Every structure is written in structure tokens, then in C-alpha cells.
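Down below is the structure, laid out as C-alpha cells.
Numbering (the numbering used here), first residue to last: 1 to 303.
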């Protein structure tokens, strides 16, 4: 029994695919099968039930998987802590977040972190908010970064920062000469909204409903970049996180207007599993990101 066999077993169990595990570990699929057969022989247990179109863990495999994960986490953690004690931080961090956070909130921080720790490899993917919780529970990512965090079993949500939500309009719009606006003034305006079910959409709808304000939703979209382009084209106005339109405001293609009578904010949080073996790169990443988020909030409060 060796760490290669244990790592392959874990990866197959996660992906339910010998082929995917082979690609992730840069070996051939037949080699994966040989390693797993040797592991099964040594343990005296069948780990997977295999059919031509399906792979499932056996009950014995499910029990063994929990211990294998602990062994691999401890092994990888020992290697990382050893390198860090020598002044070098190495390791991998898998992150999933939504477009509006990854594109506009994390860019500067990621650049700074990667310059400080060039041997830490970061894999970041953009997903819908509900997918991020699922990926974390399946241990396909180490960290999630979301807006409007929800309480989920086995997941810890750590408050990170807050975004102010603002009204945006095209430069030709009749509101474009305003710096602030009362929410009631957008009554019946053509409106570009996030898709139904998205947290920012639900928060915006809640405030509008509480104030009895109705807008004319002309289009919906789940991508912040596309939504901004639609507003730029003059099709409607929208409410978005303030820092997502810095570039367009500077360029003059969009006008950002503060909402005077209602404080609309979007809370952001880091998500991690409650029970995990310590991971030094992830711990340092989170510590620095939380500090970065606090600094951003202080800057926002001073503007």
C-alpha cells in the first residue's frame, strides 16, 4: 500500500470515474486499474462495484474512504508544513466563486497573494452560488466565496466583506445627471434584473416589495458582465454591486447613482467545511483574504 494508490482511490471515489482520476494524476487508465487492484488485494476488500456504464463505492469502500482521506490530508499537510518551516509555502488551493466576486472583488488580492507565495497553485472556477455549496460538500473545492451566505449543514460561513448596491444607468438616461436618487423614483422604469432565484435578485426584490415599488423587468441575466452591457445599450436600468462598475464609470459608458433612502448592501463570506484537517496554504490564504476584506470595508466607509 502506498500514497499513490490511496490518492487514486480517493480521486476515483470523488469523480466516480477511472478515466477522470487517470487524467488528474497524469497516468494511463490501465495503470489506475492496476493500482486499485493491488490496493484491493492488500486490503482484502472490494472497493468499487463496476459495470460498463457505472461505478459505485462498495459499503466497505465507503468506510475505508474516510480513513484514506485523513491519511492523505495528514500526509499532504506534513509536506506543506515542512516546506513552510523552511520559509517556502507550497500547495494547492481550489476555489469556487461567482463571477461578480471573482472578477471584481478578488483580482487585486489574488495578484498580491500569488506574488508573495509563487509556489502555491490556485485553481479558481466560476459557478452559480448553489453549485458552490455542493462542490464544497463533495470536497471538490477547498474554499467557496459567495454573496448572501446561507446556513448549510457541515459548512462554516465566515463573513468577509460587504458590497454597496447602487443604481446604474446609461450615459444618455434621464437619471444620468444625478449622484443620488430616492428608490421610489425608479417606479415603472425599464429594469434589467439578475435571474430569479439569484441572491442579489432576491435581496433587491425584497426591498422593492417592502416599499411597494414596481419596476418593468425587461430582461434578466445571470452574468454581471452581460447585464452591464445591456444597461449600456440603454435597454433599462439596474441595481448592481458598486465595485463591479468601476471601469465603466471611469470610461463614461455607465453612471453610478447612490440610493439615498435605503442602504442596500451585499454581504460576502468565505465557505469552508467545518471538519477539515489543517491546510496551511488555505489557512494563510483565508487569513489574508479576511484582512483584505476588512480593509476594503474601511475604504468603503471612508468614501
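Cβ atoms here follow ideal geometry from the backbone N, Cα and C, with glycine treated the same way.
Every value quoted in this text rests on a predicted model; they were computed, and no experiment measured them.
Assigned with DSSP and collapsed to three states, residue 212 falls in coil, not helix or strand.
Of 1, 203, 239 and 250, the smallest CA-CA separation from residue 40 is found for 1. With fewer than 16 other CB atoms across the displayed protein chains lying within 10 angstroms of its CB, residue 62 is exposed. Rounded to whole angstroms, the separation of the alpha carbons of residue 232 and residue 252 is 10 Å. Going by DSSP, residue 246 is part of the alpha helix (DSSP H) stretching over 246-251. By the 16-neighbour rule on beta-carbons within 10 angstroms, residue 31 is exposed. Bridge partners of residue 162 according to DSSP: 267.
In terms of CA proximity to residue 120, 94 leads the group 102, 94, 99 and 128.
Bounds of the alpha helix (DSSP H) holding residue 29 are 29-43. Looking only at 259, 8, 20 and 27, the smallest Cα-Cα distance to residue 47 is reached by 8. Where residue 254 is concerned, the enclosing beta strand (DSSP E) starts and stops at 254-259. Boundaries of the beta strand (DSSP E) around residue 238: 238-241. Distance from the Cα of residue 51 is smallest, within the candidate group 129, 17 and 153, for 17. The residues 96, 97, 98 and 135, in chain order, have a CB closer than 8 Å to that of residue 127 in the same chain once the five nearest residues on each side in sequence are set aside. If you check the CB distance, residue 159 and residue 269 come in under 8 Å.
Spatial neighbours of residue 221 in its own chain (CB-CB distance under 6 Å, excluding positions within 5 residues in sequence) are listed in chain order as 227. Rounded to whole angstroms, the gap between the alpha carbons of residue 239 and residue 217 is 12 Å.
The DSSP-derived three-state label of residue 153 is coil. DSSP, read as helix, strand or coil, puts residue 234 in coil. Distance from the CA of residue 225 to the CA of residue 42, rounded to the nearest whole angstrom, comes to 53 Å.
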